[in-house]
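Report on the following structure.
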Amino acid sequence: MDRIDRAVIEQLRRDCRLTNTELADRVGLTPSPCLRRVRRLEEQGVILGHHARITPKALNRGFEVQVDFELTDQARATVERFEAEPVAFDEVVEGHRMFGAPDHHALISVADLETYEQFMTQRLLAPPGLAKLQSRFAMKTLKSDVPPPGR
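Plus 1 on top of the position in the sequence shown (first one is 1) and you've got the working numbering.
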């Protein structure tokens, strides 16, 4: 990956709605080689997709909760059974198996605290093999990895 590839990635990360011509201008290429680079980066799995970033409030999911899960044991069957459940819920935006403690971590996005409490007690506490669940939510977002358009 060279300097131009990195510039293409940075421009698309900032604004995936750029036309190929706009992108080419910003990275110092003509449109045809720029499009070839974008397609190559997609084929190589560097660019995973092009997405619109939607404010969670617009989707009635403005309450985000970080949840840590600890399992009863680390047996393969326990881990596999547990992992199949939380990721199936639409409210689970991200899910990760962790090294060390906690065993798993998830980002949950719902309308409000009341909705989360109901979701947690009815769905998140149900998977087999769960020993402990801990919830945290942010007071304020100080930084997000995705810069707003135009920056």
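Just so you know, even glycine gets a beta-carbon here, dropped at the ideal spot from N, CA and C.
Contact under 8 Å by Cβ, residue i with residue j
i, j, result
"leucine 72", "glycine 29", "no"
"glutamate 92", "valine 111", "yes"
"aspartate 16", "phenylalanine 64", "no"
"valine 66", "serine 145", "no"
"isoleucine 10", "leucine 36", "no"
With 16 other Cβ atoms within 10 Å as the buried cut-off, status of residue i
i, result
"arginine 38", "buried"
"aspartate 3", "exposed"
"phenylalanine 70", "buried"
"glycine 151", "The predicted position of glycine 151 is uncertain, since its pLDDT is 48 and thus under 50; a value taken from the coordinates is nonetheless stated next. Under this definition glycine 151 is an exposed residue."
"alanine 25", "buried"
"phenylalanine 83", "buried"
Same chain, Cβ closer than 7 Å to residue i, five either side skipped, listed in chain order
i, result
"arginine 62", "Ser110, Val111, Ala112"
"aspartate 6", "Arg38, Leu42"
"arginine 124", "Phe90"
"tyrosine 117", "Phe64, Val66, Ile109, Val111"
"methionine 99", "His105, His106"
"proline 87", "Val93, Gly96, Ala107, Leu125, Pro128"
Own chain, CB closer than 8 Å to residue i, minus 5 neighbours either side, in chain order
i, result
"asparagine 21", "Pro32, Cys35, Leu36, Val39"
Cβ shell of residue i (< 6 Å), same chain only, five flanking positions each side left out
i, result
"phenylalanine 138", "Val66"
"arginine 27", "Gln12"
Evaluate contact between the stretch 77-86 and the stretch 114-133, counting only Cβ atoms and requiring at least three cross-stretch pairs below 8 Å.
The stretch 77-86, when compared against the stretch 114-133, does touch it at the 8 Å Cβ threshold.
Could you give the uninterrupted runs of the beta strand (DSSP E) lying entirely in the stretch 53-130, keeping only those of 3 residues or more?
64-72, 93-98, 105-111
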